[in-house]
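Trainee: One structure follows; several queries about it will come next.
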Amino acid sequence: MTPSTPPVTPLKRHRNLAQGVVAHLTDSIKGGSLKPGDKLPTESEIMRLLGVSRTVVREAISHLQAASLVETRHGIGTFVIEPPAAPMGLDPATVVTMRDVLALLELRISLETEAAGLAAGRRSDEQLAQLRAALDGFEQCARAGQETVAADMAFHLQLAQASGNRYFHDILSHLGTNIIPRARLNSARIAQDDPAHYLERVIGEHEDIYGAIARRDAEGARAAMRTHLSNSRERLRKAQEAAEA
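Read left to right, the sequence shown gives residues 876 to 1120 (my numbering).
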């Protein structure tokens, strides 16, 4: 099968080049110019078409894999795949209020706590490296003052993938960026904290999760994920109470 070439259009301006490539290819997939079963252009071709480095292309492909839009078959290439079926009753469009985000966090605590524990016991060395790359991308964006939602989501999707249970990944992928409260709310303002200081604390929480998974410490991974999501829930709960008062 020959690679399908998405329309050559100027790359949209993104603070992170990889996010720009992800957006470009995602638009091609959702717009139908790249269909399930189609082979993506080679890394070299994407580099030429979009004017980016090989490192940027590989990071973008990693994000697309985490979002269940493509799969890489070693020695053959990267192909567009059928999107996962939407979990019944979970409509991302309904996550609009602070109360909705709070309810979603409660769901995530139960799901992702167990996913983190499973990932610690089941992850491969390759998956650990992908998780590290996603975390590095998040930290780079945060410390450069860039948009962090997509990079944060990529970390959680990579973790869900490493759990070895595709349903964790399917649910988080379906919910999309709604799983990250910052996509809807100014979390630093809600926490009454300096944005840079707030993000450093979030980075530390992610590092704790990664460290436990790297050590294959299942209970430590569960505890670190629960702490991370519970901290977000507590910040939102206090903000909701203040708003209702």
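Cβ coordinates follow ideal geometry from the N, Cα and C atoms, glycine included.
Kindly identify the DSSP beta-bridge partner or partners of V955.
Mentor: Bridge partners of V955: V945.
Trainee: Leaving out the 5 sequence neighbours to the left and right, which residues in its chain are closer than 6 Å to G1012 when beta-carbon positions are compared?
Mentor: Within the same chain, G1012 has close Cβ partners A1026.
Trainee: Along the chain, which unbroken stretches of the alpha helix (DSSP H) at least 4 residues long are found entirely within the segment 989-1065?
Mentor: You should have 1000-1018, 1024-1037, 1041-1050, 1062-1065.
Trainee: Counting C-beta neighbours from all protein chains within 10 Å, is the total for H1072 16 or more, i.e. buried, or is it exposed?
Mentor: Looking at its Cβ environment, which holds fewer than 16 other Cβ atoms inside 10 Å, H1072 is exposed.
Trainee: Kindly list the residues whose CB is nearer than 6 Å to the CB of M1100, restricted to its own chain and excluding five residues on each side of it in sequence; keep chain order.
Mentor: The answer, listed in chain order, is E987, T988, A991, I1084.
Trainee: Is there contact between the segment 1003-1012 and the segment 1092-1110, where contact requires at least three CB pairs shorter than 8 Å?
Mentor: The segment 1003-1012 vs the segment 1092-1110: no contact.
Trainee: Under a three-way DSSP split, which group does K914 fall into?
Mentor: Here K914 sits in strand by DSSP.
Trainee: With DSSP as the reference, label G1086 as helix, strand or coil.
Mentor: Three-state DSSP puts G1086 in a helix.
Trainee: Any heavy atom of the ligand MN within a distance shorter than 7 Å of the CB on D902?
Mentor: Judged by which ligands are present, the structure shown has none, so any question about the ligand MN falls away.
Trainee: Pull up the distance between the alpha-carbon of G1095 and that of E934, whole angstroms please.
Mentor: Whole-angstrom Cα-Cα distance: 28 Å.
Trainee: Does DSSP put S908 in a helix, in a strand, or in coil?
Mentor: DSSP places S908 in coil when its eight states are reduced to three.
Trainee: Quick one: measure Cβ to Cβ for V932 and V896, integer angstroms, because I've assumed they're closer than 8 Å.
Mentor: Yes, they are in contact, since the Cβ atoms of V932 and V896 sit about 6 Å apart, within 8 Å.
Trainee: Can you tell me whether D913 is buried or exposed, with buried defined as 16 or more other CB within 10 angstroms of its CB?
Mentor: Buried, since its Cβ has 16 or more Cβ neighbours within 10 Å.
Trainee: Would A1035 and L1047 be called neighbours here (beta carbons separated by less than 8 Å)?
Mentor: Yes, the Cβ-Cβ distance between A1035 and L1047 is below 8 Å.
Trainee: Between the beta-carbon of V955 and the beta-carbon of L892, is there less than 8 Å?
Mentor: Contact flag unset, no.
Trainee: Tell me the rounded alpha-carbon separation between R1091 and A994.
Mentor: Answer to the nearest angstrom: the Cα atoms are 8 Å apart.
Trainee: Leaving out the 5 sequence neighbours to the left and right, which residues in its chain are closer than 7 Å to Q822 when beta-carbon positions are compared?
Mentor: Because the chain here runs from 876 to 1120, residue 822 falls outside it and cannot be looked at.
Trainee: In three-state DSSP terms, what is S928?
Mentor: Three-state DSSP puts S928 in coil, outside helix and strand.
Trainee: Can you give the beta carbon distance from A1114 to M973, rounded, assuming they're within the 8 Å contact cut?
Mentor: Rounded, the Cβ-Cβ distance is 7 Å, consistent with contact.
Trainee: Could you tell me the distance, in whole angstroms, from the CA atom of S903 to the CA atom of A1117?
Mentor: Roughly 43 Å separates the two Cα atoms.
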